[in-house]
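Position in the sequence shown (from 1) plus 1444 gives the number in the numbering used here. From the three backbone atoms N, C-alpha and C, an ideal C-beta is built for every residue, glycine too. Quick caveat: nothing in here was measured; it's all calculated off a predicted structure.
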Amino acid sequence: MSRALEAYLAQVGLGLKGLTGRRRLALIRELEAHLLDEAEARGIESESAMSAMLSGKEHPSLLAEEFAAGEGQDANHRGGTALAAGMIIGLATGGHLWFEGWHWYISLAFAAAQGLAVGAGYFWVRRHWLRLNPWARTAVAILITLLLSIPLGFTTQHGFKPTRLLYGAFTGFLLERHSQERPIWQTLLEPVVFTALMFLLEAGILGRVRFQWWKVPLELSFNATILLSVMIALRFKRLLAERRFLTTQEQG
1445 MSRALEAYLA QVGLGLKGLT GRRRLALIRE LEAHLLDEAE ARGIESESAM
1495 SAMLSGKEHP SLLAEEFAAG EGQDANHRGG TALAAGMIIG LATGGHLWFE
1545 GWHWYISLAF AAAQGLAVGA GYFWVRRHWL RLNPWARTAV AILITLLLSI
1595 PLGFTTQHGF KPTRLLYGAF TGFLLERHSQ ERPIWQTLLE PVVFTALMFL
1645 LEAGILGRVR FQWWKVPLEL SFNATILLSV MIALRFKRLL AERRFLTTQE
1695 QG
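Here it is as structure tokens:
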């Protein structure tokens, strides 16, 4: 962790001595997660840049007072933002399936599983692996969302379909990778590569479906919808976090 960030968190912790150790640790971890998210979104890597960012935040003692006064609100806020961001992903993907002509109950079930289990679940637990390096974070995100997407396997009319879980894993990959700015060519390539992998798996390896060219645009558009909804959800969550946490000294 950055020395500047560690010092900032330590000063906030000193102002929270009136709380229990467990509660104080939870608040510090929540604050750390928001700061790391912001630093990552800004592309901050150097110690000087981190110090400059923190200098624009509220003084640690004042922030500790606000936390103590609003005890319990941070967990509600985290849950609310995770739910709202997940709903964006769920509504986008479920709506896309409905527009394609899928039964409304399949579309609704997919939206609920993708939005609540995968999207909201990811946002809720992500703070636990923020200290890992980028590749390790991506690997953990894929594994976690793969497990969270188990309900997606049941969003069919023919029993459990395990390949549906890959849509959840793809969502986790995108959520982690786009937590910071990506080159435009990578962004455009991601749904194309995933679409090719899905057809290779479904038609080539498993032989579950016949490859038909007319299905490619449908699959590609759906995967592009996942990508777009992820980018919107991340931006929306970041805006909500900025409003709740760490106003600048000028605003304070």
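query                                                                                                                                                                         : result
Specify whether the segment 1634-1641 and the segment 1591-1607 touch according to this definition: at least 3 beta carbon pairs, one from each stretch, less than 8 Å apart. : no
Output needed for R1608: all residues of its chain with C-beta closer than 6 Å, excluding positions within five of it in sequence on either side, in chain order.             : L1596 and G1597
If I follow the unbroken alpha helix (DSSP H) through H1478, where does it start and stop?                                                                                    : G1465 to R1486
Decide if E1502 is buried, meaning its Cβ has at least 16 other Cβ atoms within 10 Å, or exposed.                                                                             : buried
Restricting to Cα atoms, I'd like to know which of E1491, G1538, F1643 and F1567 is closest to H1478.                                                                         : F1567
Let me make sure I understand the geometry here. Which of E1625, S1490 and L1664 has the alpha-carbon closest to that of A1640?                                               : L1664
Please list, in chain order, all residues of the same chain as E1646 whose beta carbon is under 7 Å from its beta carbon, the five residues on each side excluded.            : T1607, R1652 and V1653
Does DSSP put T1600 in a helix, in a strand, or in coil?                                                                                                                      : coil
Determine the contact status of I1550 and F1614, defining contact as a CB-CB distance below 8 Å.                                                                              : no
Can you list, in chain order, the residues of its chain whose CB lies under 7 Å from that of R1621, leaving out five sequence neighbours each side?                           : T1582
Could you give the distance in angstroms between the alpha-carbon of L1587 and the alpha-carbon of M1497?                                                                     : 32 Å
With 16 other CB atoms within 10 Å as the buried threshold, where does A1451 fall?                                                                                            : exposed
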